[in-house]
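Residue numbers in the first sequence follow this note's numbering, run continuously in steps of one, and reach 564 at the last position.
These notes concern the structure reproduced below.
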Amino acid sequence: MRLAKSLLPTLREDPSDAEALSHKLMLRAGLVRQLAAGIYVYLPLGHRVLERINVIIREEMNAIGGQEMTMPVMHPAEIWQKTGRWEGIPEMFKLKDRYGRDMVLGMTHEEVVAWLAAREIRSYRDLPQIWYQIQTKERDEARPRSGVLRTREFVMKDSYTLDPDVAALDRSYAAHERAYRRIFERCGLRFHVAQSDTGMMGGLGAHEFLAPCAAGEDEIALCAGCGYAANVEIARGVPAAPAFPAWTREEVATPNARTIAEVSRLLAIDPRLTIKSLLFVAPNAGPVLVLVRGDHSLHERKLTRALGEEARAAHPDEVRQHLGAPVGSVGPVGARVAVLADEALREGAYVAGANRDGVHLRGVSAGRDFEARFADLHAVAAGEACPQCGKPLAVETVIEIGNIFKLGTKYSEALGAMYLDEGGKEQPIVMGSYGIGPARIAAAAVEQLADADGIVWPAAIAPFQVHVVVVSLRDAGQVAAAEGIYDACRAAGLDALFDDRDERPGVKFKDADLLGVPVRVTVGNALAKEGVVEIKERRAPRREQRVPKDRVLDTLQEVLAHPR
RNA sequence: CGGGGCGUAGCGCAGCCCGGUAGCGCACCGGACUGGGGGUCCGGUGGUCGCAGGUUCAAAUCCUGUCGCCCCGACCA
Numbered sequence: 001m002r003l004a005k006s007l008l009p010t011l012r013e014d015p016s017d018a019e020a021l022s023h024k025l026m027l028r029a030g031l032v033r034q035l036a037a038g039i040y041v042y043l044p045l046g047h048r049v050l051e052r053i054n055v056i057i058r059e060e061m062n063a064i065g066g067q068e069m070t071m072p073v074m075h076p077a078e079i080w081q082k083t084g085r086w087e088g089i090p091e092m093f094k095l096k097d098r099y100g101r102d103m104v105l106g107m108t109h110e111e112v113v114a115w116l117a118a119r120e121i122r123s124y125r126d127l128p129q130i131w132y133q134i135q136t137k138e139r140d141e142a143r144p145r146s147g148v149l150r151t152r153e154f155v156m157k158d159s160y161t162l163d164p165d166v167a168a169l170d171r172s173y174a175a176h177e178r179a180y181r182r183i184f185e186r187c188g189l190r191f192h193v194a195q196s197d198t199g200m201m202g203g204l205g206a207h208e209f210l211a212p213c214a215a216g217e218d219e220i221a222l223c224a225g226c227g228y229a230a231n232v233e234i235a236r237g238v239p240a241a242p243a244f245p246a247w248t249r250e251e252v253a254t255p256n257a258r259t260i261a262e263v264s265r266l267l268a269i270d271p272r273l274t275i276k277s278l279l280f281v282a283p284n285a286g287p288v289l290v291l292v293r294g295d296h297s298l299h300e301r302k303l304t305r306a307l308g309e310e311a312r313a314a315h316p317d318e319v320r321q322h323l324g325a326p327v328g329s330v331g332p333v334g335a336r337v338a339v340l341a342d343e344a345l346r347e348g349a350y351v352a353g354a355n356r357d358g359v360h361l362r363g364v365s366a367g368r369d370f371e372a373r374f375a376d377l378h379a380v381a382a383g384e385a386c387p388q389c390g391k392p393l394a395v396e397t398v399i400e401i402g403n404i405f406k407l408g409t410k411y412s413e414a415l416g417a418m419y420l421d422e423g424g425k426e427q428p429i430v431m432g433s434y435g436i437g438p439a440r441i442a443a444a445a446v447e448q449l450a451d452a453d454g455i456v457w458p459a460a461i462a463p464f465q466v467h468v469v470v471v472s473l474r475d476a477g478q479v480a481a482a483e484g485i486y487d488a489c490r491a492a493g494l495d496a497l498f499d500d501r502d503e504r505p506g507v508k509f510k511d512a513d514l515l516g517v518p519v520r521v522t523v524g525n526a527l528a529k530e531g532v533v534e535i536k537e538r539r540a541p542r543r544e545q546r547v548p549k550d551r552v553l554d555t556l557q558e559v560l561a562h563p564r
């Protein structure tokens, strides 16, 4: 591609709307433009990156027997009503056709797959199947953000497995896990595979593929010792217990001290020796006093799981009503509501609110001073012990780039996707569903590899393999040599970008660094003086080779064959 | 949905408090010089100041409403 006449608008400054590194760089390097909140145009360069990622995904999906197809973006409401997902999903775009019929814009395709399977799959002999597509999804996100990382419209590779039973599903699931690992490895990403919450998809199990990066939205706990990795939503860490002083139970005056920090400072104790008491109200169970250790924070997803329903934080007047004391002075002793405590509080004696303003209780122990149900409730912090091997856990910020779910029979039963087994008995098809976000792969690669000068693409997903820069358009020798190199690259099957603009060299070099193409060939003064051009790797700018112009292609192929 | 911020030329911003001819840098167009890390000089083009209403002799500026975008949180198949 020749730059002079291409739509490749680079920006000298960071756009004011962009915060995340990948957002800034993808805008600056001319990969994308934003049409509306969470809705993006992919310009030619961005399109190329996505296509290269999609090629890798296709190869690996085909390798495990995936069959590519295309399902509709727009669906009749009926199939969603049958599975019960028509109601209660705020992200669903709903619309009506001209006759007033309800339609939905697809955010995922379990319903369509189950509908299709209900018509086309009849016998155990038809199973297993792996169906996939690379197609646009629409989700009315509450808060699109971070550029291309969280959008309302995005392309997704979604695949679905159909199996006769759970054992077969396990095999399809394992095949996907292997394929996903290969895809992300080939894309040049650092990533982790972690157990995850099955969430509203329901189902038998799930894993997420997570790429560490600063702009991430999730956190995972990782164990370097045994490889344990889990989203903090479900990760179980074992916090070290503090040294408990030999307290007898007594009241202590804590005037004007409400927060854990204030109380522990006033009493000159370790915050780990305090209990944080939070009143929640559950729709069915009513008020629940939730306890975590003073230095811990409650993870609300864990609370939801422990309660079996979603509770909300109580209003200050509700706290007073149920416990007779203001927020900050409440505690479990004598509380006339159910108490749910984090596992970390099973042992030891703590300082807790006394349900009276200005007073706390010292030496409070679960079991002796109050009754509580225990559950894992606190968000895992770095340094807690691994639940499997006891080594310290690390916590990393990550972006989800793929997920795999064992769905079970929820969708097939709702839509009548049945088959006849060997005994002639009708059985529901066991489904799995699996997603990858190509745009997130691209953004995660930018986040992980960029340096101060711009993007550094992994060779496998770079928009071009070679970036040819001619220093001076006035020098006919340079131009002829650069044209020759550009033509030779293309003839050899290398994707090349040719900066043929009449710009000063500095502008071209800055843009080349910004765009992040793996290898740059510079045709400049050294050509006339020494008969050589320069070949430089984007990721190793200090290493530069000077090669005669007829050796360029060989050198390029060598460099590209051994990235980094 | 709760909290905060911002909408002025293609991009980045000033002007707004204290009403009175809409400005700067970059980009863009023409010219001259220059040519290895975002050049210099000369001359230009380009703006319903997000939108609507109000106050006023006069509104980018004050008031009311509204739309859009960003950030934090909630949410997230």
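C-beta atoms are modelled at their ideal positions from N, C-alpha and C, and glycine is treated no differently.
Contact between the segment 298-318 and the segment 277-285 is present: three or more C-beta pairs spanning the two stretches fall below 8 Å.
Residue pairing of Asn403 in beta bridges, as defined by DSSP: Glu208, Gly435. Nearest in C-alpha terms to Asp14, of all of Gly30, Arg2, Met74, is Gly30. A distance below 7 Å between beta-carbons, with the five flanking residues on each side excluded, links Cys187 to the following residues of its chain, in chain order: Ile53, Ile56, Ile441, Ala445, Pro458, Ala460, Ile461.
Restricting attention to Gln478, Ile455, Ala528, the CA atom closest to the CA of Leu514 is found in Ile455. Under the three-state reduction of DSSP, Phe244 is assigned to coil, being neither helix nor strand. In this structure, Val547 places its C-beta atom within 8 Å of the C-beta atom of Val532. By the Cβ-count criterion, His562 is exposed, with fewer than 16 other Cβ atoms from all chains shown falling within 10 Å of its own Cβ.
Rounded to the nearest whole angstrom, the CA to CA distance from Trp86 to Phe374 is 36 Å. Counting only runs of at least 3 residues, the segment 36-76 fully encloses the following beta strand (DSSP E) elements, listed from N- to C-terminal order: 39-42, 74-76. For the 8 Å CB-CB criterion, Ala512 and Val469 form a contact.
Rounded to whole angstroms, the gap between the alpha carbons of Phe244 and Asp376 is 21 Å. Listed in chain order, the non-local C-beta contacts of Pro428 below 6 Å within the same chain comprise Thr409, Ser412, Glu413, Met418, local neighbours out to five positions each way being set aside. In the DSSP assignment, Ala480 falls within the unbroken alpha helix (DSSP H) covering 476-491. As DSSP reads the structure, Ser159 sits in a beta bridge with Tyr132, Tyr434. Straight-line spacing of the CA atoms in Glu138 and Asp165 works out to 31 Å. Of the other Cβ atoms in all chains shown, 16 or more fall within 10 Å of the Cβ of Gly363; this residue is therefore buried. With the rule of 3 Cβ pairs closer than 8 Å, the segment 37-52 counts as touching the segment 150-170.
Cβ-Cβ distances below 7 Å link Val49 to Leu31, Ala442, Ile461, Pro463 in the same chain, with the five nearest sequence neighbours on each side left out; the list follows chain order. Using a Cβ-Cβ distance cut-off of 8 Å, the segment 168-178 and the segment 134-150 are not in contact, since fewer than three pairs of beta carbons, one from each stretch, lie closer than that value. DSSP places Asp14 outside both helix and strand once states are collapsed to three, so it counts as coil. Annotation: the continuous beta strand (DSSP E) that includes Asn231 extends over 229-231. Contact annotation: Leu340 and Ala372 have beta-carbon atoms nearer than 8 Å.
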